[in-house]
Structures are given as C-alpha cells and as structure tokens.
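Undergrad: If you use mature numbering (1 follows the signal peptide of the UniProt record, and there is no 0), the sequence shown corresponds to residues -21 to -1, 1 to 86, in order.
By construction, the Cβ of each residue, glycine as well, lies at the ideal position given by its N, Cα and C atoms.
Note that the structure is a prediction, hence the values are computed from the model and not measured.
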Amino acid sequence: MKSISSFMLIGMLFAISGVNANSPVQDICIKLSQHCEPANSYMDAIKSCLCQVWTAKGNGDCYKGCTDDHPHNKKGKEWEDCRYRCDKFREEANGGCPSVPKSCQSG
C-alpha cells in the first residue's frame, strides 16, 4: 500500500507542476511527507518543505533557491514554474511559507 501511495504522490507532482519532480530538494520533501498521518496531508507538507528549503537555499529568496535547484534549464519552463510556485506559496501563506501540517510534525 505504501508503494502505491508513493507512486500516486509522484504522479500528482508531475500533474500539478512543471518543475522537475526529480530535483534533489523535491526528492527530500517527498520522503519527509511520507510520514504524514493522515496521508492526505502530504501535498501540504511538500509545499511547505519546498518553500522553506528553497527560501533558505536562496538566502531568503524562494525563486533563487528553486532556480538553483534546477540549474540545467536556465530559461526554460522549470524557471517559469519556479516563479509561479514561489508566488503561490507566498500568496497562500500571506507572504511567507505555508506551515507544515500538524499531522506531519513529529513529536
């Protein structure tokens, strides 16, 4: 059952995003989100993780962190999607990053 959930998660990432689902940061966020209970919180956990990691990686700039995570395609769709995704994160969280769902927090 867990393997089915993993495949569903990867498929959903491809469906909702043009950003390469195999980027190093996304791989980490996917693994972390698999600990969410109930499992339907994992998409929110992924958004929170991506925003926080990219913002830290970009020294406060989500877009820079995202584009650094996708260095292969400097003017391609991934970079346009980085701008879109980081703007959506800020919009959803009133200027910051979305919170990690309580069901995904350890302890």
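Is the region 59 to 76 close to the region 3 to 10, with three or more CB pairs under 8 angstroms?
TA: no
Undergrad: Report yes if the CB atom of C83 is closer than 7 angstroms to the CB atom of C15, and no otherwise.
TA: yes
Undergrad: With a 10 Å radius around its C-beta and 16 neighbouring C-beta atoms as the bar for buried, classify F35 as buried or exposed.
TA: The residue you asked about is not Phe; residue 35 is Ala in the sequence shown. Answer is exposed; the Cβ neighbour count stays below 16.
Undergrad: Just curious, the alpha helix (DSSP H) that Q31 is in, first and last residue?
TA: Y21 to K36
Undergrad: Which residue marks the beginning of the alpha helix (DSSP H) containing V4, and which one marks its end?
TA: P3 to S12
Undergrad: Assuming P3 contacts D48 under a Cβ cut-off of 8 angstroms, what Cβ separation, rounded to an integer in Å, is found between them?
TA: 7 angstroms
Undergrad: Taking the alpha-carbon positions, what's the Q13 to N19 distance?
TA: 10 angstroms
Undergrad: If I measure Cβ to Cβ from S78 and keep anything under 8 angstroms in the same chain, skipping five residues before and after, which residues do I get?
TA: Non-local C-beta neighbours of S78 in its own chain, meaning closer than 8 angstroms and more than five positions away in sequence, comprise S27 and A72, ordered along the chain.
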